[in-house]
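Protein sequences, first through last, are from chains X and F. For the first sequence, position 9 matches number 9 in the working numbering, and the numbering has no gaps at all. One gets the working numbering by counting positions in the second sequence from 1 and adding 10 to each. All residues carry an ideal CB built from backbone N, CA and C; glycine is no exception.
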Amino acid sequence: DLRINPKDEL
Amino acid sequence: MNIFRLSGDVCHLIAIIILFLKIWRSKSCAGISGKSQVLFALVFTTRYLDLFTSYISAYNTVMKVVYLLLAYSTVGLIFFRFRNSYDSESDSFRVEFLLVPVAGLSFLENYAFTPLEILWTFSIYLESVAILPQLFMITKTGEAESITAHYLLFLGLYRALYLANWLWRFHTEGFYDQIAVVSGVVQTIFYCDFFYLYFTRVLRGSGKMSLP
């Protein structure tokens, strides 16, 4: 699975 | 954080504030789709659960709280305080046609099969279609006040600027969030027709934006 993105965006 | 991301967040905040003030000051939510606003509140709720699990920055936390507060306040104005001005007749989009596919897809296509990740994915997919009830309502009533058009302009610009932000981040740091990018493109495409109308009609100064 793709790298879980850091969710640093809104 | 880059200029595209920051200006995108500013546009988003402006849009939400424009809408809230329009309803609050005119004491009416005529022409506003309550369904879209509920969907946006749902988007923020399912996306910002990480408020309780991870701290990214003061800016990130503050913006999430502000978005949530304004979203729920707007829903409150529409369905409680000024509910007699809510035009439920025209706000007839079947949101279950959005929620079911979006929920199904978020279980199928996600980065990890964990509750938080699936809810985040759900919020990303839902946001791309959340404006449809509002756009549908405008086509149904055939017109929109120019303040509503300004709201939609900033709302459409916000995700378009996020697309530029993702291009920039891909170019500078190799960051690539496939789910967010694909959904962001779909979301922005839905506004294209409106952008055309906005720049050809609203800016001509005709007080209302009347659709063909």
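Residue i - containing beta strand (DSSP E), residue span
i: Met219 (chain F); result: Lys218 to Ser220
DSSP-derived helix/strand/coil call for residue i
i: Glu106 (chain F); result: helix
i: Ala154 (chain F); result: strand
i: Ser133 (chain F); result: helix
i: Tyr121 (chain F); result: coil
i: Cys202 (chain F); result: helix
i: Lys7 (chain X); result: coil
i: Arg101 (chain F); result: The sequence shown places Asp at residue 101 (chain F), rather than the Arg named in the question. The answer is coil: DSSP assigns Asp101 (chain F) none of H, G, I, E or B.
i: Leu213 (chain F); result: helix
i: Phe90 (chain F); result: helix
i: Gly114 (chain F); result: helix
i: Tyr172 (chain F); result: helix
i: Thr63 (chain F); result: coil
i: Gly184 (chain F); result: coil
i: Tyr208 (chain F); result: helix
i: Tyr161 (chain F); result: helix
Contact with chain X by residue i, beta-carbon distance below 8 angstroms
i: Arg15 (chain F); result: yes
i: Ile230 (chain F); result: Limits of chain F in this structure are 11 at one end and 222 at the other, which puts residue 230 (chain F) out of reach.
i: Trp130 (chain F); result: yes
i: Asn12 (chain F); result: no
i: Met73 (chain F); result: yes
i: Asp203 (chain F); result: no
i: Asn94 (chain F); result: no
i: Asp60 (chain F); result: yes
i: Asp19 (chain F); result: yes
Span of the alpha helix (DSSP H), counted from its first residue to its last, around residue i
i: Ala25 (chain F); result: Ile13 to Ser36
i: Ile141 (chain F); result: Here Ile141 (chain F) belongs to no alpha helix (DSSP H), and DSSP marks it neither H nor E.
i: Ser46 (chain F); result: Gly44 to Arg57
i: Ser83 (chain F); result: Ala68 to Gly86
Cβ-based burial, residue i [other Cβ within 10 Å; buried from 16]
i: Glu99 (chain F); result: exposed
i: Ile148 (chain F); result: buried
i: Gly114 (chain F); result: exposed
i: Tyr168 (chain F); result: buried
Cutoff 8 angstroms: residue i Cβ touching any chain F Cβ
i: Leu2 (chain X); result: For Leu2 (chain X), the pLDDT reaches just 42, beneath the cut-off of 50, and the residue's location in the model is therefore unreliable, although a value from the coordinates is still provided. So yes, Leu2 (chain X) belongs to the interface.
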